[in-house]
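Contents: one structure, followed by commentary.
In this note's numbering, the protein residues as written are 43 to 372.
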């Protein structure tokens, strides 16, 4: 006669599901339908049933140590990780610099890593941001500018004219700007190949950026600010895959290393979390990125776009593009 233990009836499906995940191709289907999470829920059921049955005296009381140790160990790890996050945040808040150099667009050109230049130009008070891009010669750089509605109309007209003449640079883009999940009608982003003309402030990023690895340790990144090759400030950021407040084991097998070979793993559900290392003397509503904090670049609010007017530098650059059209058309 089968045992009347609830835990026995849960253990069977758990073992069966784990074995099925070892089968090639079938493990891929099970991975898609969330078999790893289902295994985790079955583990919860098994532990809770063990606890319940030991309390009722159906199984030896000594087995109570299994669920208590499992849940106790998890919450210890959760609290310890929270302490590590708080310690790292305090450390960075004390060591990170702020307002080291007030950025002057008439004196400096700001050169950033790829993607950060585009983001900074859209959401911060900087007239132009550059990124190194060797694909576009002879310039070797791409520039990003936020321009107002009238300038957007002018830029699109120039873009269409260059395309009509089949001399438009591939990087010439007049794109929309999103804010709070909505596209703005008051401004757009202008991208064009352009070499910086002023003394360069170069921002270089280094450190652990392998977010996709889902590592358990705190990942640190460093942003070095330099002029003429000399670093004048280094700003640190950090992130972590945070354990959830309620444990959800993920136990499964599937494709490993991009091949059809089976690989198994066991872990807990985690969410990606940025650790706040902003210095205490900084207003986070105005300055919330390394470039913004170190160089004093104000973050735009929604109201800034409603009244946004592109500056004279953007107007002059549009005339430069118009001259480009005339020169290439000769």
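We put the CB at the ideal spot given by N, CA and C, even for glycine.
Note that the coordinates shown come from a computational prediction; the quantities given were computed from them, not determined experimentally.
Segment limits, alpha helix (DSSP H) that includes residue 118: 107-137
For residue 301, which three-state DSSP category applies? Model confidence at residue 301 stands at a pLDDT of 45, short of 50, so the residue's coordinates are unreliable; what they give is reported in the following sentence. Correct three-state label for residue 301: coil.
Taking only three categories from DSSP, how would you classify residue 101? coil
Simplified DSSP assignment, three categories, for residue 228: coil
Cutoff 7 Å; reference residue 51; Cβ partners in own chain excluding five residues on either side: none
Name the DSSP beta bridge partners of residue 341, please? 166
Could you tell me whether the region 235-253 touches the region 264-279, where touching means 3 or more Cβ pairs closer than 8 Å? yes
Give me the Cα-Cα distance between residue 129 and residue 242, rounded to the nearest whole angstrom. 35 Å
When burial is assigned at 16 or more other CB atoms within 10 Å of the CB, is residue 183 buried or exposed? buried
Can you give the Cα-Cα distance for residue 302 and residue 326, rounded to whole angstroms? Low confidence applies to residue 302: its pLDDT is 45, below 50, so where it sits in the model is not reliable, and the reading given next is rough at best. Near 47 Å, if we compare the C-alpha coordinates of residue 326 and residue 302.
Have a look at the DSSP bridge pairing and note the partners of residue 52. Answer by DSSP bridge pairing: none, since residue 52 is not bridged.
Reduced DSSP category for residue 94 - H, G, I as helix; E, B as strand; rest coil: helix
In chain order, which beta strand (DSSP E) runs of at least 3 residues are fully inside the region 243-292? 261-269, 272-285
Does the region 232-240 come close enough to the region 95-109 to have 3 or more Cβ pairs within less than 8 Å? no
For residue 355, which residues of its own chain have a beta-carbon under 6 Å away from its beta-carbon, when the five flanking residues on both sides are left out? 169
Under three-state DSSP, which class holds residue 173? strand
Just mark residue 234 as buried or exposed, buried being the case when its beta carbon has 16 or more other beta carbons within 10 Å. buried
Identify whether residue 156 lies in helix, strand or coil by the three-state DSSP scheme. coil
Rank 313, 293, 224 by C-alpha distance to the C-alpha of residue 307 and give the top, closest one. 293
What would DSSP say about residue 185, mapped onto helix, strand or coil? strand
Is residue 165 near residue 289, with beta carbons less than 9 Å apart? no
Count the other CB atoms within 10 Å of the CB of residue 148; is the residue buried (16 or more) or exposed (fewer)? exposed
Per-residue DSSP class, three states only, for residue 67: coil
Is DSSP giving residue 239 helix, strand or coil here? coil
Identity of the residue in 213, 160, 155, 346 nearest residue 177 by Cα: 213
Look up residue 359 in the DSSP assignment and say whether it is helix, strand or coil. helix
Does the Cβ of residue 358 have 16 or more other Cβ atoms within 10 Å, making it buried, or fewer, making it exposed? exposed
Assign residue 196 to buried or exposed, taking buried as 16 or more other Cβ atoms, counted over all protein chains shown, within 10 Å of its Cβ. buried
Could you say if the region 311-325 and the region 138-145 meet the contact criterion of at least three C-beta pairs nearer than 8 Å? yes
Where DSSP assigns a beta bridge to residue 314, which residues make up the other side? 283
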